[in-house]
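Enquirer: What follows is a structure written as structure tokens; I'll ask about it next.
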Amino acid sequence: KPMEVIGAAMRKLLHLVYGILKTGRPFDPKYINPTQAFS
38 KPMEVIGAAM RKLLHLVYGI LKTGRPFDPK YINPTQAFS
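Structure representation (structure tokens):
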């Protein structure tokens, strides 16, 4: 079970880093995803 938590955290960080590298924008913790803004 602890390995699943670590794996999920690593996956989340990987997506974050990929998004930053892909767009070239710096990380903005206050950014709201337009597709999730109306949820």
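Residue numbers (the working numbering): 38 to 76. Glycine included, C-beta positions come from ideal geometry on N, C-alpha and C.
Does DSSP classify Ile69 as helix, strand or coil?
Expert: For the purposes of this step, residue 69 is taken as residue 32 along the sequence shown, with counting starting at 1. Three-state DSSP puts Ile69 in coil, outside helix and strand.
Enquirer: Pull up the distance between the alpha-carbon of Thr60 and that of Gly44, whole angstroms please.
Expert: For this step, residue 60 is matched to residue 23 along the sequence shown. For this step, residue 44 is matched to residue 7 along the sequence shown. Cα to Cα, Thr60 sits roughly 24 Å from Gly44.
Enquirer: At which residues does the alpha helix (DSSP H) containing Lys49 begin and terminate?
Expert: The count along the sequence shown starts at 1 and reaches residue 49 at position 12. Taken as a continuous stretch (DSSP letters only), the alpha helix (DSSP H) holding Lys49 covers Pro39 to Thr60.
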